[in-house]
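Novice: Protein sequences, first through last, are from chains A and B. Remember, my numbering sits 33 above the position in the first sequence when you count from 1. Remember, my numbering sits 33 above the position in the second sequence when you count from 1. Think of the CB as a built atom: it goes at the ideal place given N, C-alpha and C, for glycine as much as any other residue.
There are 2 protein chains.
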Amino acid sequence: MTRERHCLPLVRAEIDTYSQPVVFMHQDCHVCRAEGFRALTRVRIACGGRSVIASLNVVTGAGWLGPEAAALSDAAWAALRPRLGDMGQFSHPELPEAASLIRAKVYGERLHQAQFATIIKDAMAHRLSDLDLAAFVTACAGEHLSTCETIALTRAMQEAGRSLEWGEGPVLDKHCVGGLPGNRTTPIVVAIAAAAGLVIPKTSSRAITSPSGTADTMEVMAPVALDTAAMRKVVEAQGGCIVWGGALRLSPADDILIRIERPLDFDSDGQLIASILSKKAAAGSDRVVIDIPVGPTAKVRSENAAEALSARLRATAREIGLDLAIHVSDGSQPVGYGIGPALEAMDVLKVLRRTPDAPGDLRERALVLAGLLLEMSGETAGVERARVLLDSGAAEHRFMAICAAQGGFAEPAEAPYRIPVEAPRDGVITAIDNRLIARVAKLAGAPQQARAGVLLMARPGTLVQRGQPLFEIWAETPGELAYARDFANAQKEIFRIEVPK
Amino acid sequence: MTRERHCLPLVRAEIDTYSQPVVFMHQDCHVCRAEGFRALTRVRIACGGRSVIASLNVVTGAGWLGPEAAALSDAAWAALRPRLGDMGQFSHPELPEAASLIRAKVYGERLHQAQFATIIKDAMAHRLSDLDLAAFVTACAGEHLSTCETIALTRAMQEAGRSLEWGEGPVLDKHCVGGLPGNRTTPIVVAIAAAAGLVIPKTSSRAITSPSGTADTMEVMAPVALDTAAMRKVVEAQGGCIVWGGALRLSPADDILIRIERPLDFDSDGQLIASILSKKAAAGSDRVVIDIPVGPTAKVRSENAAEALSARLRATAREIGLDLAIHVSDGSQPVGYGIGPALEAMDVLKVLRRTPDAPGDLRERALVLAGLLLEMSGETAGVERARVLLDSGAAEHRFMAICAAQGGFAEPAEAPYRIPVEAPRDGVITAIDNRLIARVAKLAGAPQQARAGVLLMARPGTLVQRGQPLFEIWAETPGELAYARDFANAQKEIFRIEVPK
Chain A
34 MTRERHCLPL VRAEIDTYSQ PVVFMHQDCH VCRAEGFRAL TRVRIACGGR
84 SVIASLNVVT GAGWLGPEAA ALSDAAWAAL RPRLGDMGQF SHPELPEAAS
134 LIRAKVYGER LHQAQFATII KDAMAHRLSD LDLAAFVTAC AGEHLSTCET
184 IALTRAMQEA GRSLEWGEGP VLDKHCVGGL PGNRTTPIVV AIAAAAGLVI
234 PKTSSRAITS PSGTADTMEV MAPVALDTAA MRKVVEAQGG CIVWGGALRL
284 SPADDILIRI ERPLDFDSDG QLIASILSKK AAAGSDRVVI DIPVGPTAKV
334 RSENAAEALS ARLRATAREI GLDLAIHVSD GSQPVGYGIG PALEAMDVLK
384 VLRRTPDAPG DLRERALVLA GLLLEMSGET AGVERARVLL DSGAAEHRFM
434 AICAAQGGFA EPAEAPYRIP VEAPRDGVIT AIDNRLIARV AKLAGAPQQA
484 RAGVLLMARP GTLVQRGQPL FEIWAETPGE LAYARDFANA QKEIFRIEVP
534 K
Chain B
34 MTRERHCLPL VRAEIDTYSQ PVVFMHQDCH VCRAEGFRAL TRVRIACGGR
84 SVIASLNVVT GAGWLGPEAA ALSDAAWAAL RPRLGDMGQF SHPELPEAAS
134 LIRAKVYGER LHQAQFATII KDAMAHRLSD LDLAAFVTAC AGEHLSTCET
184 IALTRAMQEA GRSLEWGEGP VLDKHCVGGL PGNRTTPIVV AIAAAAGLVI
234 PKTSSRAITS PSGTADTMEV MAPVALDTAA MRKVVEAQGG CIVWGGALRL
284 SPADDILIRI ERPLDFDSDG QLIASILSKK AAAGSDRVVI DIPVGPTAKV
334 RSENAAEALS ARLRATAREI GLDLAIHVSD GSQPVGYGIG PALEAMDVLK
384 VLRRTPDAPG DLRERALVLA GLLLEMSGET AGVERARVLL DSGAAEHRFM
434 AICAAQGGFA EPAEAPYRIP VEAPRDGVIT AIDNRLIARV AKLAGAPQQA
484 RAGVLLMARP GTLVQRGQPL FEIWAETPGE LAYARDFANA QKEIFRIEVP
534 K
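Here is the structure:
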């Protein structure tokens, strides 16, 4: 009966530890004692043909969990999917093959594609701890990935996910190397490209650290959590879609790495490229336009950095068979007026509807990107053709049809609580800090509260007088409104206002 | 009343997450909603003048924690020390200064002492996440720390802790670069040096991944959890002591880094040296002998690696004013007969008591190390003098006096459950795997169960017959005995037995 000794019934801890599986066990439980498990031990749990490796948190009190069961975090529960009363079998995990490969990379060895594939496979099977993953991300950061390795990592990540197929003919895609609030060109670009008769099955992400992702903004106007079959129906009918990529598991490896990369926030062209291009390839696209906003508070901060990133993007795209157009754009200030899901949706709709107050910068950026896509598909004067499709109402018409196909259009609503933030002195606005203004929108509740965010009322170059509103904060509760306002008033550098000489 | 909004009463989660502070909050609590906290967000919690930065785990069910309180893991609770009913104030932490320094190191910059000191300070204040620490450890691994940086890191770690002072005259210390089961020379070396009239205030560690640390073995024979005042009294009376260093906070930075280094297990001479020498300097010693066992299953696996490590140890020790003697020793097999706290204590006592069955290898190793210490203190023929002190009973007498001064001697006891593991075939033993035999001892319960472990009954070079006992497993419960035995019988490579040609 030796085997029986290392079993415990599994219960649900109802604790969200993000994607990191955690198991909670009481210090007095027989499995901990027999196996010598302590806090943070990596523990293998098997149940019904599935297994997961989790980190152990040890319950020391007599409170919510006794020694007669083991409790799984949400991620561990999702990985094992036990039924009521199922027993888990506990053991020490074998050292994953990836561990020695990560070690080799740390020591400066070059890895090839099969080795990256092993690391990705072990990461996806939760065989690597967060520390292992942090070591991998660190070892690949800076200039530590060669172009060959970037290509190998991209392929390994691409092959770890599902790939979509769209038949003959060009399949378009676009991507923005983030960091610019309000830069919500995607719905407009998709509408124009689809109106031109092209195929653009666009998958987008939700915000992770920003006040809104394209999926968050689009969701204000139409459902985005479509499965592959529903997405395919929309694209077959309308040529394009704007859906949330998270449900499609196109690059599940990226979902795992990004959880580690975001908080560490190391600049790493190699990892950025592998992340972007593996997803584009998995989405089945073969022509991609990439927007790289450059500015002191954007993700890419100099023309030189943009040039280096572009060169490696091109080299990697060529290797995996993607046709690439890169647009290096102005990233010195937010785009449009709204920051936050509903506020950005309003800007998008104004551009599509050609209203007099439509934000010109958003419109022009979308036209340039759409023009590049049209040119990659055989048009000669892409931007001109894009402008015609927008101005004629064809893009608006196509966008509404896409929304209807995705489940029905909804008009974005204004937030119930609004308050202006005023200029503290006379002068000319010389800069807006992208990161700080994004922070205000997040404190106001974006993106969880879709109507929360920031409405810009003055832009760089504008002369303002003391007391004149610079922006409005929108919130769904008075508490969040006050909180965002306090932060905005305490930060003097959101808008730089200088006295003209 | 804005400030009030970000407060919640603090309760104790009674969950051990090792030294990593974790806060548990319900997804519906107003603080999570207002601040936009999600799972794994880094959260600053202030309470009564203290603060800690913890990782957030989000409670999603209606079980043990509702939205009206925040629960702290043991480490977070210990850092904040709230009283019953105290409110915690929650906010987003500022980015620690160390983050940009770690980033610089990742990108290949050389750091100097003040920069390492900032990293150590932020780590000790729990301002760095485990991911940050893993990135730092990774960036310093392999050959990534220069000798200058090793010296700088050593000094930064030393200055982050308390230092002991022992007045005039030489203060001795010893250290073994681990990995060799049963290599428990310290009690013997201390007894000999103290019997020679020298000062050797030895602090030792408990096992982290091994079946016993020196503190675990010593604790079988005498109390070891002495505070600085009690330790000083023992040393003043007897010249030496063998106490647990964990209570003295000599290198608290090391305690934090080691938690990350152990699971990653990257070879890093720089970090190893900083860890060892910062503690020796903080303990107030100025002459240190270091034992480096070399063998295929020891920590240091080749003579070349030992030579490189020795060179850098010497350079760093010279800079921080430590006199160093290095002994590169045979690390091909376990030392003595016993593996596990009580079993090793028995070996130590046999050597001190000069019984006929005393393990000769342990005796000789202790004499060499003690001899080196005596020579560093002015003796000419150190080993000869050490032999006299041991053979005359002076060392035994001094050891018993030290035990009495630490709180009283206790004779190690045998475990109640014992079972032999037999040779599977005739042949000659050509090797013992240090790691596997240590694993058996740990599965039997060592070091938590002091009497558990392994008693070796045959050594390399011995001819054995099928069925002859190779070793005995000792355990305190029949379950653990069976568990260790099953593992031992399944592993064919613990003892390599070859047919002689």
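#1: Of all the residues that make up the stretch 456-483 of chain B, which are near chain A by a beta-carbon distance shorter than 8 Å?
#2: When DSSP labels each residue in this structure, what does residue 80 of chain A get in the three-state scheme?
#3: Could you have a look at residue 216 of chain A and say whether DSSP puts it in helix, strand or coil?
#4: Which value, in whole angstroms, describes the spacing of the CA atoms of residue 105 of chain A and residue 47 of chain A?
#5: Taking DSSP's pairing of strands, which residues face residue 205 of chain B in a bridge?
#6: Do you know offhand how far residue 100 of chain A's Cα is from residue 62 of chain A's?
#7: Just how far apart, CA to CA, sit residue 300 of chain A and residue 307 of chain A?
#8: Apart from the five residues just before and just after residue 436 of chain B, which ones in its own chain have a Cβ nearer than 7 Å to its Cβ?
#9: Do the stretch 459-473 of chain B and the stretch 513-530 of chain B meet, that is, are 3 or more Cβ pairs less than 8 Å apart?
#10: Under 6 Å Cβ to Cβ from residue 259 of chain B, same chain only, skipping five residues before and after it: list those, please.
#11: Return the residue from the list B:234, B:179, B:210 and B:217 that minimises the CA-CA distance to residue 202 of chain B.
#12: Count the other C-beta atoms from every protein chain shown that fall within 10 angstroms of the C-beta of residue 37 of chain A, then say buried if there are 16 or more, exposed otherwise.
#13: Kindly indicate if chain E contains any beta-carbon less than 7 Å away from that of residue 72 of chain B.
#14: Residue 377 of chain A to residue 509 of chain A, Cα distance in whole Å?
#15: Starting from residue 133 of chain A and walking both ways along the alpha helix (DSSP H), at which residues does that stretch end?
#16: Between the stretch 187-194 of chain A and the stretch 225-239 of chain A, can you find at least three pairs of beta-carbon atoms closer than 8 Å?
#17: Report yes or no: is there a C-beta of chain A within less than 7 Å of the C-beta of residue 36 of chain B?
#18: In its own chain, which residues sit with a C-beta less than 7 Å from the C-beta of residue 419 of chain B, not counting the 5 before and 5 after it?
#19: Quick one: list the residues of chain B neighbouring residue 97 of chain A, beta-carbon separation under 7 Å, in chain order.
#20: Give a yes or no on whether 7 Å exceeds the smallest Cβ distance from residue 48 of chain B to chain A.
#21: Taking the Cβ atom as the reference point for each residue, do residue 168 of chain B and residue 167 of chain A lie within a distance shorter than 7 Å?
#22: Check the Cβ-Cβ distances between residue 330 of chain B and every residue of chain A, and say whether any is below 7 Å.
#23: Which value, in whole angstroms, describes the spacing of the CA atoms of residue 286 of chain B and residue 90 of chain B?
#24: At 8 Å on the CB atoms, spell out the chain B contacts of residue 297 of chain A, in chain order.
#25: Out of B:359, B:444, B:332 and B:165, which one is the CA nearest neighbour of residue 294 of chain A?
#26: Can the beta-carbon of residue 210 of chain B be found closer than 7 Å to that of residue 332 of chain B?
#27: If I'm right that residue 507 of chain B touches residue 317 of chain B with Cβ under 8 Å, what's the distance once you round it to whole angstroms?
#28: DSSP three-state label for residue 353 of chain A, please.
#29: Can you name, in chain order, every residue of its own chain whose Cβ lies under 8 Å from the Cβ of residue 124 of chain B, other than the five neighbours on each side?
#30: Any Cβ of chain A within less than 7 Å of the Cβ of residue 532 of chain B?
#31: Give the interface partners of residue 136 of chain B over in chain A, defined as CB-CB distance under 7 Å, in chain order.
#32: Throw me the rounded Cβ distance for the residue 473 of chain B and residue 521 of chain B pair, which I believe falls under 8 Å.
#33: For residue 110 of chain B, which residues from the same chain have a beta carbon less than 7 Å from its beta carbon, with the 5 sequence-adjacent residues on both sides left out?
#34: Among residues of its own chain, excluding the 5 on either side of residue 439 of chain A, which ones have a beta-carbon nearer than 6 Å to its beta-carbon?
#35: Looking at the strands, I want to know which residues DSSP matches up with residue 45 of chain A.
#36: When the cut-off is 7 Å and only beta carbons count, does residue 216 of chain A lie next to chain B?
Specialist: A quick look at the data gives this:
#1: 475, 476, 478 and 481
#2: strand
#3: coil
#4: 8 Å
#5: B:320
#6: 4 Å
#7: 13 Å
#8: 254, 255 and 442
#9: yes
#10: 276
#11: B:234
#12: The predicted model places residue 37 of chain A with a pLDDT of 45, which falls under 50 and marks its position as unreliable; any figure quoted below should be read in that light. Burial call: exposed.
#13: Of the protein chains in this structure, namely A and B, none is chain E.
#14: 16 Å
#15: 130-139
#16: no
#17: In this predicted model, residue 36 of chain B has a pLDDT of only 42, less than 50, meaning its place in the structure is not dependable; the value taken from the coordinates is given anyway. No, no contact with chain A.
#18: 225, 400, 403, 404 and 407
#19: 96 and 97
#20: yes
#21: yes
#22: no
#23: 25 Å
#24: 164, 165 and 168
#25: B:165
#26: yes
#27: Rounded, the Cβ-Cβ distance is 37 Å, inconsistent with contact.
#28: coil
#29: 39, 68, 76, 77 and 79
#30: no
#31: 299
#32: 5 Å
#33: 45
#34: 255, 256 and 267
#35: A:105
#36: no
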